[in-house]
Amino acid sequence: MAYPFERLASGFRQLEATSSRLEMINILAKIFSEATAENVHMIVYLLQGRVAAPYTGIELGIGEKLAMRAISQAYGADLSEVEALYKELGDLGLVAERLCSGKKQMTLFSQPLTVERVYNNFYRIATASGSGSQDLKLRLLVDLLNDAKPLEARYIVRIPLGKLRLGVGDATILEALALAKTGNRDFREKLERAYNLCSDLGYVARRLFEGGPEAIENFKIVVGIPIRPALAQRAQSAEEIIARLGTCAAEAKYDGFRCQIHKKGNKVWIFSRRLENMTDMFPELIEGTLKQFDAEEAIFEGEAIAYNEETGEFYPFQVTIQRKRKYGIKEASEEYPLRLFAFDIMYLNGEDLTGKPYEERRKILEDRIKRGDVLDLSERVIVSTAKELEDFFESCVERGLEGIVAKDLKAPYIAGARKWAWIKLKRSYRGELSDTLDVVIVGYYKGRGKRSQFGLGGILVAVYDKKEDLFKTIAKVGSGFTEEQLREMKKLLDEIALPHKPARVVSKIEPDVWVEPKYVITVAADEITRSPNHTAGWDGERGYALRFPRIVGWIRSDKGPEDATTVDEVIEMYKSQKRVEVREGEEQ
Ligand code: ATP
């Protein structure tokens, strides 16, 4: 049974208006409760402005020019009229809605839109390529707009423009699916496990609708579909790591980018930390895997880093990162060839290895890799004391590495989660927090005095509360920006501005402009303090805040809002900062 698009559009409108996460879940659950196994994945993707999971590389996107032409054709309005309305309303979705309602009186809607038809047209738009593709995209969009009702037109235009801005995250969708299908929000955890094994929300939803909760409990890894990566907690000292893990492995921490490599016969896939398909970017890694990895089927992971064969040294991150490119791949791979330091294996010849202890996985990895020019193993030692760990850490730092990652010998591979099975220890600077935080921008201030010329004086930032699936504020940041960055940021943030507080943001302070939680930026600070102004880790009286926060670097394209530093991590950082203070006090 087809799903009327009108119903989905009205759900979108409710989602847009709500500023409560709970209500968001209820609206979503209602939407899902009317879906079927045939269309639930379409709804899940459309909610996120997509037509397929990110790993497929199929991205839905059109330019504003094309959208304006489509609106003009569908509603018989001159382009200049569309442009003028756009200036007035600031949103092409609203322009389409307005022009469509003008047309409404004259037309009888003979063919109501269905989710299936909208999805299929969008899918064709996303996959159209080559000559004539612009015309095809235009036709497909006009086709939908012709049969749309005004509210539907609003979303038909916003979705491919990437302007849906409903603020629903992965966990929000999973919780709503759990509620809709099992009546129990707690089933979200089981769905999360399945999602961690395949990183495809649409697929998880379909399996749930087809096979019920059982299908989710028996969910299996598939070669070619990426697993969500295991993440590391952080520590301030070697002592802290040994206190937690006892005897453990310490691996060199390479400062490159993470690659998850899948192999099936002669076919190889490479996925990024965010699980984008990067296969075509790294021909030497494909060749290296085929030559040096001995398995019919495998999924393994490592850090890729550009390597200077002449001097035998690693290039800095700024050089390595240039390899993430769409053009000039061959030249770049010759100039800055990559080496991959493999550190884990999750799947081998039909067997899921994620449940096996690290030590066993490492042995399997060592057996399968023929160490050579392209693939190598991460350097590691087994340590039992803080002194041994410290010595290895120092030797890594001396050689220009970032630090170490300690690993619990007995822990399974915990997909998609940041647990104490892996603990990172990085170079640190005394007097400052030894690690930076990745925070989500949720609003901005317009700026006074000198800054008023940029229209942006500072940003309000939040960390992610994973348990509650909410963003909680931790600081206002006004330092560290260059003038160019202030201008650029204002532009980016205006594109995602919202008329009210986003539903999943919890804040005690009100910025001049709220924005959709979308961009993650790295900030450094002197310390974490308790404060009544911020909601991160709120205990009824105070939350946590950053003292002297400043941005370092720029918006992180490799992290989405739910990949930001979590409230739990902030609390851990706060605690270990206290421990360091106490120790320093003792030393005096
Ligand atoms: P995270 O990936 O933890 O969210 P991040 O992207 O800021 O944070 P870091 O804090 O620098 O990265 O540390 C974690 C990353 O270190 C891993 O995701 C991985 O890419 C990299 N890494 C380098 N060497 C290793 C290793 N031997 N074992 C595990 N990870 C490693």
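For reference, each letter of the sequence shown is one residue, going 20 to 607 in our numbering.
The beta carbon of each residue, even a glycine, is placed where N, CA and C say it ideally should be.
For T339, DSSP records no beta bridge to any residue.
Closer than 7 Å to some heavy atom of ligand 1: that describes the Cβ of W441. With respect to the 8 Å criterion, E303 and L357 are classified as neighbours on the basis of their beta carbons. Beta bridge pairing from DSSP links R446 with no other residue. When secondary structure is reduced to three states using DSSP, M300 falls in the helix class. A Cβ-Cβ contact shorter than 8 Å links I324 with D274. Excluding five sequence positions before and after T548, the CB atoms of its chain that fall closer than 6 Å to its own CB belong to A564 and R566, given in chain order. A check of alpha carbon separations from A440 across L155, Q279 and A254 identifies A254 as the nearest. Note on geometry: alpha-carbon atoms of I178 and D110 lie some 12 Å from one another. Excluding its 5 nearest sequence neighbours in each direction, E502 has C-beta neighbours in its own chain below 8 Å: F473, listed in chain order. Between R387 and K578, the alpha-carbon positions lie close to 31 Å from each other. With respect to A555, T492 sits close: the two C-beta atoms are nearer than 8 Å. Contact annotation, V223 with H281: C-beta distance approximately 19 Å; criterion of less than 8 Å not satisfied. Between ligand 1 and R247, a heavy atom-to-CB distance of less than 7 Å is absent. Under the DSSP assignment, S152 falls in the alpha helix (DSSP H) whose first and last residues are S152 to D166.
Not one heavy atom of ligand 1 falls within 7 Å of the beta-carbon of V461. Shortest Cα-Cα distance from R569 to any of L170, E258 and G477 involves G477.
Using a Cβ-Cβ distance cut-off of 8 Å, the region 372-385 and the region 289-302 are not in contact, since fewer than three pairs of beta carbons, one from each stretch, lie closer than that value. For the 8 Å CB-CB criterion, A543 and V589 do not form a contact.
Annotation: the continuous beta strand (DSSP E) that includes R253 extends over L250 to R253. When the five nearest sequence neighbours on each side are left out, the beta carbons in the same chain lying within less than 8 Å of the beta carbon of D189 are those of Y214, L220 and E581, in order along the chain.
Between the alpha carbons of G499 and W573 lies a distance of about 10 Å. P551 sits exposed, since fewer than 16 C-beta atoms from the chains shown fall within 10 Å of its C-beta. The C-beta of Y377 has 16 or more other C-beta atoms within 10 Å across all chains shown, which makes the residue buried. Short of 6 Å from the beta carbon of V400, and not among the five residues preceding or following it, lie these beta carbons of its own chain, in chain order: A269 and F411.
The residue among H553, V532 and Y432 with its C-alpha nearest the C-alpha of Y483 is H553.
Three or more pairs of CB atoms, one per stretch, sit closer than 8 Å, so the region 84-101 contacts the region 147-165.
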